[in-house]
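Below you'll find the structure, written out as structure tokens, and then a few comments.
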Amino acid sequence: MWTKDAEKVDTAKIRGTKMLITNASVTDEGLYVCTLEPNKIMSKYYLIVIEPVITIYVQKGGDQDLGKPVKTHAEWTHNGKPMKSTKSVLCIHEASVDNEGLYLCTFGLKRKKITFNL
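According to this note's numbering, the sequence shown is numbered sequentially starting from 82.
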């Protein structure tokens, strides 16, 4: 029997003692446990899904929003340096070469991450 975060997994994903996750997304993250009866032998796996980097092109002087609207605190970094914004959507106004680089937004209790390359 397979469980994810202590809840039974849909049997359509199970083939014998193996479980198949197709098109994995962050909603699939969690603790997976396979329990074999009658001895209750357990195998535990923690799945972490890494989202791809989203590349965005913006013209010099243009505006661009990064992120997605969620109702939670967010932390942003730009090229590894912390930014002051605590909103999940970061607004770039009048883009310049100073705005180029890697943006990382971390949010939510599970510390989800979205990465943008501008």
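Using N, Cα and C, we set each Cβ at its ideal position, and we do this for glycine too.
Backbone CA spacing between residue i and residue j [nearest angstrom]
i, j, result
"Glu110", "Asp146", "27 Å"
"Thr98", "Tyr126", "13 Å"
"Pro119", "Met82", "11 Å"
"Asp86", "Gly161", "32 Å"
According to DSSP, residues forming a beta bridge with residue i
i, result
"Met123", "Thr116"
"Asp146", "Cys172"
"Ala155", "Phe188"
"Glu132", "According to DSSP, Glu132 bridges with nothing at all."
Sequence-distant residues of the same chain with beta carbon closer than 8 Å to residue i, five excluded per side
i, result
"Ala155", "Gly148, Ser166, Thr167, Lys168, Ser169, Cys186, Thr187, Phe188"
"Leu171", "Asp146, Leu147, Gly148, Trp157, Met164, Tyr184, Cys186"
"Asp144", "Cys172, Ile173, His174, Glu175, Ala176"
"Asn104", "none"
Check: residue i C-beta below 7 Å from any heavy atom of the ligand ZN
i, result
"Ile95", "The ligand ZN is absent from the structure shown, which contains no ligands of any kind."
Nearest-angstrom Cβ-Cβ length linking residue i and residue j, presumed shorter than 8 Å
i, j, result
"Tyr113", "Leu101", "Their Cβ separation, rounded to whole angstroms, is 12 Å, which puts Tyr113 and Leu101 out of contact at 8 Å."
Beta-carbon proximity list for residue i, same chain, < 6 Å, skipping 5 on both sides
i, result
"Asn198", "Val134, Thr136, Leu183"
Residue interval of the beta strand (DSSP E) (run including residue i)
i, result
"Ile195", "193-198"
Own chain residues within Cβ distance below 7 Å of residue i, not counting five before or after
i, result
"Pro150", "Ser169, Val170"
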